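First comes the structure, then the notes that go with it.
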Amino acid sequence: MDEILKNMEPEKRDKIINSALEEFSKNSFEKASTNAIVKKAGISKGLLFHYFNSKQALYEHLEAYVIDRLTKAIQQDVDWSCTDLFDRLKDIAMVKIRLMNRHPYLYDFSLALLKNGSIEQLKQRYERVFSELMQKAYRENVDYSLFKEDVDIERAVHIIQWALEKIGEAPVARLKLTGESVDMDALYRHVESYLAILKKAFYKPSTDKED
């Protein structure tokens, strides 16, 4: 199955994956319709089942695809040597947005997977992988001494997360509605401007003297 998908035209492959991600993110496994998937992807039902033997095989492929894409992208694109939590969370947010630029419903599907208990083994696997990755993101080589002493770090982190999620919502929503790709350079500058404000609020003043 993977070999067939690898040899498929990228545009057709993305259409199938995106249509399936959308359908499974909006519906439970039981209610998700393969008819809706093939209609949106512009392929026949026979062709879908040529690539995937069953609805469950398709779902399992998507689950593996999401885990693979998210974990590999974050592992490879985040600078783990950087001890600044703001920079790390910004990197992770930008990785997610880049992925959603290609697969608009990837994140929605990952959230649905956490809530959907119809295939419990897949749900547990995703929870485990996601939990391990987040532990690494927040604990490995992070310098929490950069925060002001009177700042509640746990609450500050939640505010940073909320801000990054909200910043990414509008361009992703526009992408879903119109198909208009996200301007990553403009978004990066936008994220930087908000994080600069939050850094000033939560971090100790820099002790470096200006020349």
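Going by my numbering, the residue at position 9 of the sequence shown is 9; the numbering climbs one at a time, nothing skipped. Just so it is clear, CB atoms sit at the ideal spot from N, CA and C, and this is done for glycine as well. Because the structure is a prediction, the values reported are computed rather than measured.
**Item:** residue 53 burial status per 10 Å Cβ neighbour count (16 or more: buried)
**Value:** exposed
**Prompt:** DSSP three-state call for residue 147: helix, strand or coil?
**Reply:** strand
**Prompt:** In terms of residues, what are the limits of the alpha helix (DSSP H) holding residue 171?
**Reply:** 153-178
**Prompt:** What's the call for residue 94, buried or exposed, on a 16-neighbour Cβ count within 10 Å?
**Reply:** buried
**Asked** In terms of residues, what are the limits of the alpha helix (DSSP H) holding residue 10?
**Response** 10-26
**Asked** Can you tell me whether residue 134 is buried or exposed, with buried defined as 16 or more other CB within 10 angstroms of its CB?
**Response** exposed
**Selection from 124, 91, 177 and 132 that minimises the alpha carbon distance to residue 191** = 91
**Message:** Quick check on the burial criterion: 16 or more other C-beta atoms within 10 angstroms. Buried or exposed for residue 110?
**Reply:** buried
**Message:** Taking only three categories from DSSP, how would you classify residue 105?
**Reply:** coil
**Prompt:** Taking the alpha helix (DSSP H) that residue 59 falls in, what are its first and last residues?
**Reply:** 55-77
**Contacting residues, own chain, Cβ-Cβ under 6 Å from residue 204 (five flanking each side not counted)** = 148
**When 131, 177 and 112 are compared against residue 29, the one with the closest alpha-carbon** = 112
**Message:** Tell me which residue opens and which closes the alpha helix (DSSP H) that residue 185 is part of.
**Reply:** 184-202
**Reduced DSSP secondary structure (H/G/I, E/B, other) of residue 45** = helix
**Contact set for residue 69: own chain, Cβ-Cβ below 8 Å, skip 5 residues either direction** = 99, 103 and 106
**Request:** Pick helix, strand or coil for residue 91, following the three-state DSSP scheme.
**Result:** helix
**Asked** Where does residue 266 land, buried or exposed, given buried means 16+ other C-beta within 10 angstroms?
**Response** One cannot answer for residue 266 here, as it falls past the ends of the chain, which runs 1 to 211.
**Message:** Quick check: the Cα distance between residue 157 and residue 150, rounded to an integer number of angstroms?
**Reply:** 14 Å
**Asked** How would you call residue 10, buried or exposed, if buried means at least 16 neighbouring beta carbons within 10 angstroms?
**Response** exposed
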